[in-house]
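2 protein chains.
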Amino acid sequence: MADNGTSVAGGEALLFLTDEQLRKGIEAMFFAYRGFTADPDRILEKLAYGRAHHRALHFIHRQSGLTVNTLLAVLGVTKQSLNRVLRTLIDDGLVESRIGRRDKRERHLYLTEKGTALERELSEAQRVRMRAAYRTAGPQAVAGFRQVLEAMMDLDMRRQYLMLRDGV
Amino acid sequence: MADNGTSVAGGEALLFLTDEQLRKGIEAMFFAYRGFTADPDRILEKLAYGRAHHRALHFIHRQSGLTVNTLLAVLGVTKQSLNRVLRTLIDDGLVESRIGRRDKRERHLYLTEKGTALERELSEAQRVRMRAAYRTAGPQAVAGFRQVLEAMMDLDMRRQYLMLRDGV
DNA sequence: ATTTTATGTCAGCCTTGTTGACTTTCCAAG
DNA sequence: CTTGGAAAGTCAACAAGGCTGACATAAAAT
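Spelled out as structure tokens, the structure:
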């Protein structure tokens, strides 16, 4: 059996999923996620923002003009929790909340210039790391990386993810 | 260019890392991590424990007899923060703290039978999901998954991870 | 004998999650 | 046109789990 836990039988690769193999994957996820958030965290710290602010900025940038309800669904938190974060972002002039034209109950969220700038700084820090990791691991690895991650999501999360991945 | 962002030039595959590609990876990480923690979280909730307890149990199981200091380094939290968690685990009879034989200042941590049982339940829930994801994605994807994750870690985290990965 | 290390603990603070209750505004169905 | 329900905002209270700072004890190391 090869080191990566694969073997070939009858031209078809089979997976021998030992608990050991799985544990390595679990620990890799744990440590990698720390790396994944480390760079933005450092930037946010200086501004007295947290990861929650980053997430909000990310998805507002991603889907400009989305409603509060949509953002709640994507983030998977309560409206009270989001509101605290969103209020500071609006007060600080990073996010603009516009009343819906069709449905005036809705608030549509947009990044201001200032918000766009911070989002860019945060995501660029994150991209630098991802880019380096992708380069190190190579194209095949990258494809596999995404495949496993997508297979690991809950169904409802995958729905959200695919909507974003393939365009809204 | 292929859909996965790769192309072949002169027999060597090159990576075209558009911001779009990177963003998909970033969002995949975000949603996948939620899935990754979802199953243990549900189990922990019933017992009034949190993710912090799970992490402690995991690494004590992983490296039985490790000292408090070692655990602190792996988890990357302060001793006050760990202590709160550790104390409840010890009080509840999931973890045993034995005074070091060589160095009596040290406390070596072990899972009790009860602790082992809970750790198994938690990690099995996590393994079920990982196993399913691995099976769906296939062996090549799994190798790539781990490669990218490892390349994404901070240097000091990778040190910790490799020590655990390759045996202590 | 003194200093350093490992651990534990108290107090207090912050972020970010939660639930519950209540309001305002507004759309939509009866 | 009234009424029910949806979208959003807000107040209060609470908890987990991070953090810092300060201090205590025991034991090792110098």
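These protein sequence lines are chains A and B, in that order. For reference, each letter of the first sequence is one residue, going 45 to 212 in the numbering used here. For reference, each letter of the second sequence is one residue, going 45 to 212 in the numbering used here. Each residue gets a CB set at the ideal place from its N, CA and C atoms; glycine is no exception. Note that this is a predicted model, so its numbers are computed, not measured.
- Within chain B, the residues placing a beta-carbon under 7 Å from that of Thr180 (chain A) are Ala195, ordered along the chain.
- At least one C-beta of chain A is nearer than 7 Å to the C-beta of Asp198 (chain B).
- When DSSP states are grouped into helix, strand and coil, Arg106 (chain B) belongs to the helix group.
- Proximity of Leu155 (chain A) to chain B, defined by a Cβ-Cβ separation below 7 Å, is not satisfied.
- In this structure Tyr154 (chain B) touches Gly109 (chain B) by the C-beta definition: roughly 6 Å separates them, less than 8 Å.
- Cβ-Cβ separation between Glu64 (chain B) and Tyr205 (chain A): approximately 14 Å, too far for a contact (criterion under 8 Å).
- Note that the C-beta distance between Ala76 (chain A) and Gln191 (chain B) is not below 7 Å.
- The beta carbon of Ala100 (chain A) sits closer than 8 Å to those of Leu115, Leu119, Leu126, Val129, Leu130, Leu133, Val139, all from its chain and outside the five residues before and after it, given in chain order.
- Residue burial annotation: Gln124 (chain B) is exposed, with fewer than 16 other C-beta atoms found within 10 angstroms of its C-beta.
- With fewer than 16 neighbouring CB atoms inside 10 Å of its own CB, Arg145 (chain B) falls in the exposed class.
- Boundaries of the beta strand (DSSP E) around Arg142 (chain B): 139-143.
- Listed along the chain, the chain A residues whose CB falls inside 7 Å of the CB of Gly188 (chain B) are Ala181, Gln184, Ala185, Val186, Ala187, Gly188, Phe189.
- Within chain A, no residue has its CB atom less than 9 Å from the CB of Tyr93 (chain B), the nearest being about 17 Å off.
- Under the 7 Å criterion on CB atoms, Gln107 (chain A) is classed as non-interfacial with respect to chain B.
- Taking the beta carbon of Arg78 (chain B) as reference, the chain A residues within 9 Å of it are Gly120, Met197, Asp198, Met201, listed in sequence order.
- Distances from the CA of Asp136 (chain B) to each of B:Thr160, B:Val121, B:His152 were compared; the closest alpha carbon is that of B:Thr160.
- With a threshold of 7 Å between beta carbons, Arg171 (chain B) makes contact with chain A.
- In this structure, the beta-carbon distance from Lys68 (chain A) to Arg171 (chain B) does not fall below 7 Å.
- Cβ-Cβ distances below 8 Å link Leu88 (chain A) to Gly94, Arg95, His97, His98, Leu166 in the same chain, with the five nearest sequence neighbours on each side left out; the list follows chain order.
- Rounded to whole angstroms, the Cβ separation of His102 (chain A) and Glu163 (chain A) is 7 Å, and the two are in contact under 8 Å.
- In the three-state scheme derived from DSSP, where H, G and I count as helix and E and B as strand, Tyr93 (chain B) is classed as coil.
- Burial of Leu66 (chain A) is indicated by the presence of at least 16 other C-beta atoms within 10 angstroms of its C-beta.
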